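Peer 1:
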Amino acid sequence: MENLREYFERTEGVGVLATADFGGKVDAALYERPNFIDNETLAFVMTDHLSHQDLGSNPHAAYLFMESGGHGQGTRLYLTKIKEEQDDAAIDRLLEQKQYEVPDTEEKPLFLVYFHIDRIRRLVEDGEQP
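In my numbering, the protein residues as written are 181 to 310.
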């Protein structure tokens with residue numbers, strides 16, 4: 181696949197982050213496009229909701245991105261959390277740069293959560309039906 185940073189900068193679509201707690205109970209939530217740190221690392225701005233809480237006991241997650249227009253085009257990123265921080269200035273710069281807002285942040289802290297990209301797959305592999 182081409183450079184992931186460029187792919188996400190030029191491609192319209194919707195993203196979903198899937199997490200699971202220690203016991204395997206799964207959660208899925210709409211998430212913004214990933215913020216690329218380098219070719220192997222990305223970050224998301226997260227509130228302290230279920231997805232973030234799941235990562236406290238199970239560092240593995242998957243990010244599914246479906247391109248606009250359907251036809252099963254997109255990508256799946258398999259991730260492992262490597263660290264997080266609560267640097268408000270860094271989070272504000274990132275949000276301003278990306279021109280998006282994190283909903284429901286009035287009373288909740290924000291976290292910048294970093295992930296290693298373990299595996300990349302197309303949304304629909306050859307032979308699979310969308």
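Even glycine gets a Cβ: it sits at the ideal position worked out from N, Cα and C. None of the values given here were measured: they were computed from a predicted structure.
Please classify G195 as buried or exposed, where buried requires at least 16 neighbouring CB atoms within 10 angstroms.
Peer 2: buried
Peer 1: In the DSSP assignment, the alpha helix (DSSP H) including D201 goes from what residue to what residue?
Peer 2: No alpha helix (DSSP H) holds D201; DSSP gives it neither H nor E.
Peer 1: State the CB to CB distance for the pair A270 and A198, rounded to an integer number of angstroms; the pair is presumed to be in contact (CB under 8 Å).
Peer 2: Rounded, the Cβ-Cβ distance is 25 Å, inconsistent with contact.
Peer 1: Report the residue from F188, I262 and G204 whose alpha carbon sits nearest the alpha carbon of I297.
Peer 2: I262
Peer 1: What residue does the alpha helix (DSSP H) around K278 start on, and which one ends it?
Peer 2: D268 to K278
Peer 1: So is P214 buried or exposed if we call it buried at 16+ other beta carbons inside 10 Å?
Peer 2: buried
Peer 1: Can you give me the start and stop residues for the beta strand (DSSP E) that L257 sits inside?
Peer 2: For L257, the enclosing beta strand (DSSP E) begins and ends at G254 to E265.
Peer 1: Return the CA-CA distance between D207 and H251, expressed in angstroms with no decimal places.
Peer 2: Going from the Cα of D207 to the Cα of H251 covers about 25 Å.
Peer 1: Mind checking whether L200 and N238 have CB atoms under 8 Å apart?
Peer 2: Residue identity differs from the one stated: residue 200 is Ala in this sequence, not Leu. Yes.
Peer 1: Using three-state DSSP, classify E212 as helix, strand or coil.
Peer 2: Looking at E212 - three-state DSSP - the assignment turns out to be coil, as it is neither helix nor strand.
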